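Working notes, structure below.
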């Protein structure tokens, strides 16, 4: 089934509240939609959630913007794939890597759209194209952004009341605030809730980061994500920590994963489809982690329904992706199942809300990504009008 067109355009969603993390300069909720069409009229949808101010350790991986993603998809990646069979996803990844260095968010958006179209052609959900599901649902971790402690406590408690069992707490700007917040949440929520502090590299060099992690551990933290920048400092923290350390900025692709394991710089990986350039690259990281008995989560920059559906399919199909996923629960306006948990946007581009039970997203069993994109609504959210 030949590809006849690949197009890209920007869109934005309204947020429920302001969500931020350390180093974030822009606003949440800005995306690029990628549309792939085949010769028989099948349409596949992909998405990028680019950020110019977020990347790998010491600039090893660069940020992207809405404009750069659109430029790369429309004028570099797309033209190179026209005429290819939509099911040749591995070859498509090779072609994209040949015509462009980096630009992994743009490549990921195309990858998602190809898998969506391929699944629709075959009548199979994406998780089956990835080898079939190994779990019956994807547990969601609710992200509590950088906000005053009283607001953070309220957000966290309400998310737990909604039914999630894991919280990702954004920190890294003021370690004293982070320690105080974890202490208060552990007191209020008890031992049954997983509290994951994400410092976004904010605790400095190895000695300081190790000290902060020890204090967080005493306060009741369950895991700490990316406390420091660089494998040297991350390995110091990991060696001294009694709770698992998660590599996010330090691990983008399979090459980074090798380096993290070699340097013993983390206990877990946080996998983004975008960091790895799409499904193929992300599967390599997850399978490598499995071979080293490392748990992973699937994470991102809080995608719209298109990217969220892709994350769910990936998490369903990879054994190592066993940690709760920091992703949205997508739903159109007025239909969200929860007040707070996984509820980042007031509206979304899918026709029906995603199925969820006890804080876990259920498998989307329809062909492709398993969602119906409301194209009229998507057009109404376009930000290039």
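Residue numbers (the numbering used here): 178 to 562. For each residue, glycine too, the CB sits at the ideal point set by N, CA and C. Source: prediction; values computed, not measured.
The residues 412, 415 and 416, in chain order, have a CB closer than 8 Å to that of residue 441 in the same chain once the five nearest residues on each side in sequence are set aside.
Taking 9 Å as the cut-off, the Cβ atoms of residue 219 and residue 303 do not count as close. Its Cα nearest to that of residue 462, the residue 430 stands out among 511, 555, 438 and 430. When only Cα atoms are considered, residue 268 and residue 178 end up about 14 Å apart. Nearest to residue 394 by C-alpha distance, out of 380, 425, 250 and 359, is 359.
DSSP places residue 453 in the coil class of the three-state scheme, outside both helix and strand. As for any alpha helix (DSSP H) of minimum length 4 sitting wholly inside the segment 409-448, the runs are 431-439, ordered along the chain.
Taking a C-beta distance under 9 Å as the contact criterion, residue 492 and residue 293 do not qualify as a contact pair. Residue 356 carries a helical assignment under DSSP once its states are collapsed to helix, strand and coil.
For the segment 461-523, the continuous alpha helix (DSSP H) assignments of 4+ residues that do not extend past its boundaries occur at 482-494, in sequence order. Across the structure, residue 325 and residue 355 are spaced so that their CA atoms are roughly 11 Å apart. Contact check between the segment 529-537 and the segment 205-219: fewer than three CB pairs, one atom from each, fall below 8 Å, which does not count as touching. With a cutoff of 9 Å on beta-carbon distance, residue 341 and residue 317 are scored as near each other. Residue 207 has 189 as its beta-bridge partners, per DSSP.
The Cβ neighbour count for residue 474, taken over all protein chains shown within 10 Å, is at least 16; the residue is labelled buried. Counting other Cβ atoms within 10 Å of its Cβ, residue 278 stays below 16 and is therefore classed as exposed.
Look at residue 267 here: in three-state DSSP terms it is helix. The alpha carbon of residue 250 has as its nearest neighbour, out of 527, 281 and 363, the alpha carbon of 281.
For residue 384, the uninterrupted alpha helix (DSSP H) run begins and ends at 383-396, by DSSP. Assignment of residue 319 by DSSP, reduced to helix, strand and coil, places it in the strand class.
225 is the residue among 190, 185, 225 and 180 whose C-alpha sits nearest the C-alpha of residue 450. When C-beta atoms of the segment 261-276 are compared with those of the segment 500-514, fewer than three pairs fall below 8 Å, so the two segments do not count as touching. Straight-line measurement puts the Cα of residue 212 at about 5 Å from the Cα of residue 184.
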